[in-house]
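Have a look at the structure below before the remarks.
Residue numbers (my numbering), protein chains in the order written: chain A, 2 to 124; chain B, 47 to 933.
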C-alpha cells in the first residue's frame, strides 16, 4: 500500500474518507458527463474547495475498481487540446449505485450531525 | 454477480497485462502534463510546476503498483512473480542453490525413507489387509513374562467364543516346509492359519477361494492350500487352471483351492509366505504331535481384530479376564498362563519387534540430520541474504512492503524445499527395500521389508518439508525485515572479524550443528564398539571350520527307526570321506530360530527355594556333537553311540549348571531328574552361548538324541567351504535316499552373524548418517568462516600492513572457528550423556558413557572442524594488503 508522503499541509487538510472517493467520482461523472482522470481530480478539488488531501494518483486505481464493478466505462478519445486521453463516463448501474450511495451518505452525515449537536449541547 | 464480474475483469486484465500497463503509463503521463501546464498557468516556473504536480500526484510507482494489484489476480500474479524471481536467484548462484538442494534432499529424503519404513514395517506392515489399525498381535505370557509362550488351540477357541469386544481372532504360525515339484525338492516358507484367515483380513483370493469354516479342525482332515501369487507365477507359470491341482507339501499331497492376490505376503513381518494351509494340517507341518486337542501345547501365534471403537486397554482387560477363567478351569495346563495383546509394531514373534529399536534410532538420527541440514541451509541462505542486502534495501526504498519482502524470501525457500522434497521422495522410493538388503538373506525365505510411501507418509514428509522451510527460511527473512533503510543505503560498512550481531545467528547455528553431529558420532561409535565387542566375543563353540545344515526326514515320511538308521549310516559315510573331520546330528543348532527343549529339573541334594523355578533348557544331540561344535569337555566324557535307547540315561551339564546345582563340585557321577526320569551326569561341557552373543551365562545341559527326541540338524566339522560340502552332502545323502536333500549349508559364523544383523543395520545407519552429519557440520563451519574472512578482508589487510604475520592471522581465524567447535562439542557432550542412555538396550560390552566412543567422536569432530577452518584461515593469511586496502 502506498504511504501518504509526509506533507506540511497535511494537518490542515482532511483525508479522503474511506469509500467516499467512489461517490465523488460517480457524482462528478453524473454531473459533468465524460471526463478524463485529471478533470475528475480537478473537479473534486474544486468542489471540496481545496480542503481535501487527495493524492491525485490514488484516483486511478479507484477508477479501475469502479470500472470493474461496472459502474463506469472508459473510452479513449481526444482531449480539448487534441491529445489522446482516456474518458470515463457513468453507466446505468453507476447511476443506480450513485443513488444508493447518496442515500447512504445522507444517512451517515445525518447521524454525524446529530452527534455533533449532542456534543455542542454537552459543552 | 458483481464479484464474478470483478473476477472476470481481473482475469482479462491479467491476460492483457502489457497493454493495460502501457495505457496506464500514457494516462498518468497525460495527467501530469495537464497538472504541470495548470501550475505554469498559475505562474510557477516549469521546474517548480513539474515538482508540484508530482507532489500532488503522490508516488507514481506506488500508484502503478496499486493499479497492477487491482487490475490482475494479485495473489497468483505475485506468487508467479516471486517464483520466477526465485528461480532467477537460484540460477544466479547455482553452486549455492545446488548445495542447499543437496542438503535438503538428503535431510527430507532420509526422513521420508524412515517414515516409509516405519509405516511399511511397523504401523501398516501387511499390504492389502483391511483395518490394520484395529489389528493387534497376540502372544502368551508365563507368570506375567511375555514373549516366551504361545497359545494353545483350545485356548484360542475359547477366546473366539467368549470375547465380545473383538471382531475375530486369527491363527498364523509360520513353518519352514519342503516343497516338492516334480523331481525337485525345495525349502520354502508357509503358514498354518485358522480357516477364517482370509475372510478376517479382507483378502480375496484372485483365483478359487479361501478356507471354509470347519477346515481348521480334524486331524489332517483338510489337505488344502492357498498359494501365494508369486509361487503361482514362478512355479506354475500363472496356470489359470491351477485350482484343483495338487501340490506336495512336506511329503503330503495338498489340493490347491486358491491363489492369494498379488502383493499379499501373509502376516509375518519381513518374510513373504508362499502358501497357507488350515490348522487341521498342523501335525503335518509342526510334528511330532497333533496339538489341536491339547490345551497344554502352546504353538499358536496370532492376531486379534478389535471391534471399531474398542481401545487396546479394554481389549486387554477382556482377554485377561478370559485367561483368568481358563486358569481356574484348567489349572493343570493353564496355571500362570496369561494372554497379552501387542500393537503390531511391538509384535514379539516377527521382525517388527526386532527392528523396532533400530527404526527408533533411525528416526532420531534422520531428524537430527534434517536439523543439521536445515541449519546448514539457513546458514547458506543467511550468507546470500547478506549479499542481497543491497537489493532488499533498494526494493524497500522504492516502495516494497516488508511483508512483501518476507513473502518473496519464503517463496524462494519454498521453491528450494519443493525441489528438495521431490528429490527426497525419489530417494525414499529408491531406499524402500534397503532394509531387506541390509539384513542377511537365508535360503527358502523371501525377505520383504518394504517401505510404504502412502498418503500418510507423503503428508508427514510434506509437513517436515514445510517446517524445515520455516526453520531455514525464517532466519534470513527476519534478517531482511530488520534492514535499516538509511544506514544500509550508505556504503557497506567493512566487516571486522568477530564481534557482530549478525554473525551471532550463524555462529549459534554452527554450534548446534557441531553438537548434533557429535551426538550422532558418539552413537555410531558406541554401536560400532558393541558390534566389535560382539564379534570378538567367543560364542564358546567354533565359528570357523563348522558348517550347519539339516535334513527334513519328516516331510519325506520317515519314522523314528528309519531316521536313526539313516543318521548312523550317513555319519559313517561322512567320516570315511577325506576333508571331513566329524559330523553330528542335533535337535537344535545354536543361534538358530529353533527353540530348545526345557524342563523342570531336580538334582540330588539340591534344595530348591519354593518360589524359584527350576526350568532349564537343554538340547538333544548325537554322538560327537560337542567335539564337532568345538565345545571342550572340561570333565568326564561326551555321548557316544553306546548311549542309546537301551543304555542307562545320561546327561552332560554345562559349567554354570555345575556351579549352581553342585556348588562347584564335580557333578560327574551325580544324578539329574528331567521329566521324572533320573539320568546320570557323565560330563561337564565348557560354557557357550546358545541363542545370542548378548546372553549371560546360564545353566544348560545336553541329553543323547537316542534317549530323547530325534533331531534333524546336522553339524559338520571341516576345513572346506559350504559350497563344496553342500555338494558332497547332497551326493552322499542321495546315495542313501534319492528323496532326501540337505537344506541350506552355512558356516556357524554365518549363523551367529544372522543374530547380530539388526545391530549391523543400526551401525550402518548411524555410521552413514554420522558421517553425513560430520560432513554437513564441516560445510557449515567452512561456510561461516570463509564468509567472515571474505567480509573482513579490509581489516585483515590493515593488520598485515601494520605488521601482523601469517601465523598470527592464521591463529586469529582458526581460533575463532575452533571456539565455535569447542562450544558445539561441549553442548554435544552434555546432550550425548543424556541421549546415549536411550540406546543402552542395543549396547554390548560398553557403557553409554564409554570414554573411547566419546574420544573418537571428539577427535573426528575436531579434525573435521580443523580442516573446515584451516582453508578460510589460509585464504585470510594470503590476503594481499595493498589490494585489500584499496578495494
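The C-beta atom is built at its ideal place from N, Cα and C for all residues, glycine as well.
Note that the segment 792–801 of chain B does not touch the segment 554–568 of chain B; fewer than 3 beta-carbon pairs, one per stretch, sit closer than 8 Å. DSSP, read as helix, strand or coil, puts residue 739 of chain B in coil.
Rounded to whole angstroms, residue 415 of chain B and residue 818 of chain B show a C-alpha spacing of 8 Å. When CB distances to chain A are screened at a threshold of 7 Å, the residues of the segment 88–109 of chain B falling below it are 102, 103, 104, 105, 106, 108 and 109, in chain order. Take residue 166 of chain B, set aside five residues on each side of it, and the residues of its chain with a beta-carbon closer than 8 Å to its own are 478, 495, 496, 497 and 498, in chain order. Around the beta carbon of residue 164 of chain B, 16 or more other beta carbons sit within 10 angstroms, so the residue counts as buried. Just measuring C-alpha positions, the residue of B/71, B/72, B/248 and B/102 sitting nearest residue 85 of chain B is B/102.
Judged by DSSP in its simplified three-state form, residue 198 of chain B adopts coil rather than helix or strand. Of B/718, B/418, B/687 and B/395, the smallest CA-CA separation from residue 651 of chain B is found for B/718. A Cβ-Cβ separation of about 4 Å places residue 922 of chain B in contact with residue 835 of chain B under the 8 Å criterion. Ranked by Cα distance from residue 78 of chain B, the options A/119, A/32, A/31 and A/38 are led by A/38. Residues of chain A with a Cβ closer than 8 Å to the Cβ of residue 56 of chain B are, in chain order, 69. Judged by beta-carbon spacing, residue 730 of chain B lies within the 8 Å limit of residue 679 of chain B, meaning their Cβ atoms are closer than that value.
Listed in chain order, the alpha helix (DSSP H) elements of length 4 or more contained wholly in the segment 71–159 of chain B are 92–103, 106–117 and 120–138.
In summary, the residues of the segment 48–60 of chain A whose CB is separated from some CB of chain B by less than 7 Å are 56, 57, 58 and 59, in the order they occur in the chain. For residue 62 of chain A, at least one C-beta of chain B is nearer than 8 Å to its own C-beta.
Straight across, the Cα-Cα distance linking residue 220 of chain B with residue 237 of chain B is about 4 Å.
Under the 8 Å criterion on CB atoms, residue 86 of chain A is classed as interfacial with respect to chain B. Listed in chain order, the non-local C-beta contacts of residue 68 of chain B below 7 Å within the same chain number zero, local neighbours out to five positions each way being set aside. Within the segment 888–933 of chain B, the complete alpha helix (DSSP H) runs of at least 4 residues fall at 897–923 and 927–932. At a beta-carbon threshold of 8 Å, the residues of chain A lying near residue 70 of chain B are 61, ordered along the chain. When the Cα atoms are used, residue 21 of chain A and residue 152 of chain B turn out to be separated by approximately 57 Å. If you check the CB distance, residue 556 of chain B and residue 870 of chain B come in under 8 Å.
For the alpha helix (DSSP H) assignment, the uninterrupted runs of no fewer than 4 residues enclosed by the segment 277–331 of chain B are, from N- to C-terminal side, 328–331. Straight across, the Cα-Cα distance linking residue 423 of chain B with residue 149 of chain B is about 7 Å.
For residue 494 of chain B, the enclosing beta strand (DSSP E) begins and ends at 492–494.
The C-alpha of residue 599 of chain B lies about 20 Å from the C-alpha of residue 323 of chain B. Among the CB atoms of chain A, none fall inside 8 Å of the CB of residue 884 of chain B. By the CB criterion at 8 Å, residue 763 of chain B and residue 627 of chain B fall inside the cutoff. Interface criterion not met: the Cβ of residue 82 of chain B is under 8 Å from no Cβ in chain A.
Contact between the segment 610–630 of chain B and the segment 704–719 of chain B is not established, with fewer than three Cβ pairs separated by less than 8 Å. About 5 Å separates the beta carbons of residue 809 of chain B and residue 573 of chain B, which is inside the 8 Å limit, making them a contact pair.
By alpha-carbon distance to residue 740 of chain B, the top candidate from B/606, B/586 and B/634 is B/586.
Neighbours of residue 352 of chain B across chain A, judged by C-beta separation under 7 Å, do not exist; the nearest C-beta is about 58 Å away. Neighbourhood of residue 52 of chain B in chain A, by CB distance below 7 Å: 69 and 70, in chain order. Around the CB of residue 862 of chain B, 16 or more other CB atoms lie within 10 Å, so the residue is classed as buried.
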